[in-house]
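Visitor: Could you have a look at this structure, given as structure tokens, before my questions?
There are 2 protein chains.
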Amino acid sequence: MGIFNQAVSGLYLEKLKNIALFEAIKDNEVAMKRVIEVSSLRKFHKGDYIIKEGEMGDELFILLEGSVDILKKTMAGDDYVVTSLKAEYNIFIGELALIDDDKRSASVVAKENSETLVIGKENFLSLGDSDPHIGLSVTRVISKILAGRLRKTNEDMMTLFDALVTEVQD
Amino acid sequence: MGIFNQAVSGLYLEKLKNIALFEAIKDNEVAMKRVIEVSSLRKFHKGDYIIKEGEMGDELFILLEGSVDILKKTMAGDDYVVTSLKAEYNIFIGELALIDDDKRSASVVAKENSETLVIGKENFLSLGDSDPHIGLSVTRVISKILAGRLRKTNEDMMTLFDALVTEVQD
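Respectively, the protein sequence lines represent chains H and B. In this text, residue positions in the first sequence follow the numbering used here: the first is 1, and each later residue adds one. In this text, residue positions in the second sequence follow the numbering used here: the first is 1001, and each later residue adds one.
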């Protein structure tokens, strides 16, 4: 069970059922336990960096307890807070790392003492190889997130492009 | 076997082994035949639109024979050729449609009489439900493509943003 004993596993099972990544397998207790088996628990103190912008990452974090700030750097190199997120929102962070090499696009800092469940890329791929229905259900969710983000980024780029053309023409 | 008979299936099996989508299952003949079963053959005449920019799509196309132009519209609404692709390049087009609703980001026009193998989203999802190792292996490839495209688009956006800031400051 990784670093989990049965009691801890039971505690987190209910929490994980609310995480969108596991929507298709949340009622399959065997599958959910397999996910917990390949996960590990990691605690952060207030102010700790969970993810650093610009670094390569190969881990997904599910926020079990606490809250985090999402920070991005300005062109001058200063951090600014994009948004703050709480464990109650059932959030996960860094899912791209389970698909491909991920150069982190933002920093994530613990806003208070926080607990996360960590899934590493290698463990996730092995889980998919041994239990493809689990791997597929989670990979489908991540793909949809990537597709949505790509659509949004393309729209933003068109807006930016139009703004640039307008500026150049002025 | 869908619209295929055994002989046709055998002909395309060799071609499909070279398509990157099937890299992880290309030596698994049972899996490859399952893919062919859920596919259909579609022929296009020179000048036909295979995909139209701006329309919603739920099909992936694998180019079996022939060649295509990839077209995008300028802001004035004129089509320009982004690139031309040949069947020999072992290409597939519109893979985002297997993941999510896809508003086509470019048009694809047959440059000569061409043959495609078409996989629809519903068929692809059903195949994944019944044979998750097939669904997972293909979804992993598509996810990596989306991740790479997202990274590229983000970089392009930073470049465009810098250009805009420079223009505004001038």
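Glycine is no exception: its CB is placed at the ideal position from the N, C-alpha and C atoms.
1. Give, in chain order, every residue of the stretch 1128-1143 of chain B whose Cβ lies closer than 9 Å to some Cβ of chain H.
2. How would you write the range of the beta strand (DSSP E) that B/Phe1022 sits in, first residue to last?
3. With H, G and I counted as helix, E and B as strand and the rest as coil, what does DSSP make of H/Met75?
4. Is B/Arg1149 helix, strand or coil when you go by DSSP?
5. With a threshold of 16 other CB atoms inside 10 Å of the CB of B/Tyr1089, please say whether the residue is buried or exposed.
6. Please list, in chain order, all residues of the same chain as H/Asp102 whose beta carbon is under 6 Å from its beta carbon, the five residues on each side excluded.
7. Below 8 Å between beta carbons: does that hold for H/Ala87 and H/Ser107?
8. Roughly how many angstroms lie between the CA atoms of H/Ala147 and B/Lys1144, to the nearest whole one?
9. What distance in whole Å lies between the Cβ atoms of H/Thr116 and H/Phe161, which are believed to be in contact at a cut-off of 8 Å?
10. DSSP puts H/Glu65 in a beta bridge; with which residues?
11. Determine, using beta carbons only, whether B/Ile1099 comes closer than 8 Å to chain H.
12. Measuring from the CB of H/Thr159, is there a heavy atom of the ligand HEM at a distance below 7 Å?
13. Let me check one thing: in DSSP terms, what residues is H/Arg42 bridge-paired to?
14. Just to check my reading of the structure: H/Leu105 and B/Asn1123 have Cβ atoms closer than 8 Å, yes? What is that Cβ distance to the nearest angstrom?
15. Taking DSSP as the reference, what is the three-state secondary structure of B/Glu1053?
16. Can the beta-carbon of B/Leu1172 be found less than 8 Å from the beta-carbon of B/Val1035?
Guide: In this structure, then:
1. Listed by position along the chain: Gly1128, Asp1129, Asp1131, Pro1132, His1133, Ile1134, Gly1135, Leu1136, Ser1137, Thr1139, Arg1140, Ile1142 and Ser1143.
2. Your numbering for residue 1022 of chain B matches position 22 in the second sequence. In the DSSP annotation of this structure, B/Phe1022 is not part of any beta strand (DSSP E), being labelled neither H nor E.
3. As a working mapping, residue 75 of chain H is identified with position 75 in the first sequence. Assignment of H/Met75 by DSSP, reduced to helix, strand and coil, places it in the coil class.
4. The residue labelled residue 1149 of chain B in the question sits at position 149 within the second sequence. In the three-state reduction of the DSSP assignment, B/Arg1149 falls in the helix class.
5. Numbered from 1 along the second sequence, position 89 holds the residue referred to as residue 1089 of chain B. Exposed, because fewer than 16 other Cβ atoms sit within 10 Å of the Cβ of B/Tyr1089.
6. As a working note, residue 102 of chain H is residue 102 in the first sequence. Hits under 6 Å: Gly57 and Leu96.
7. Residue mapping note: residue 87 of chain H aligns to position 87 of the first sequence, counting from 1. Residue mapping note: residue 107 of chain H aligns to position 107 of the first sequence, counting from 1. Against a cut-off of 8 Å, the Cβ pair of H/Ser107 and H/Ala87 comes out as no contact.
8. Locating residue 147 of chain H in the first sequence gives position 147, counting from the first residue. Locating residue 1144 of chain B in the second sequence gives position 144, counting from the first residue. H/Ala147 and B/Lys1144: Cα-Cα distance of roughly 11 Å.
9. As a first step, residue 161 of chain H must be located in the first sequence, where it is residue number 161. As a first step, residue 116 of chain H must be located in the first sequence, where it is residue number 116. In fact, because the Cβ distance is near 38 Å, the residues do not count as touching under 8 Å.
10. Here residue 65 of chain H refers to the residue found at position 65 when the first sequence is read from its first residue. In the DSSP output, where bridge partners are listed per residue, H/Glu65 has H/Glu115.
11. Within the second sequence, numbered from 1, the residue matching residue 1099 of chain B stands at position 99. True, the Cβ-Cβ gap to chain H drops below 8 Å.
12. This structure lacks the ligand HEM, and indeed carries no ligand of any kind.
13. Residue 42 of chain H sits at position 42 when you count from the first residue of the first sequence. Note: H/Arg42 sits in a beta bridge opposite H/Thr116.
14. Start at 1 with the first residue of the first sequence, and residue 105 of chain H comes out as number 105. Start at 1 with the first residue of the second sequence, and residue 1123 of chain B comes out as number 123. The identity of residue 105 of chain H in the sequence shown is Ser, whereas the question assumes Leu. Contact flag wrong, Cβ pair sits at about 34 Å.
15. Here residue 1053 of chain B is taken as the residue at index 53 of the second sequence, counted from 1. Under the three-state reduction of DSSP output, B/Glu1053 falls in the coil class, being neither helix nor strand.
16. Chain B is shown from 1001 up to 1170; residue 1172 of chain B falls before or after that span and cannot be answered.
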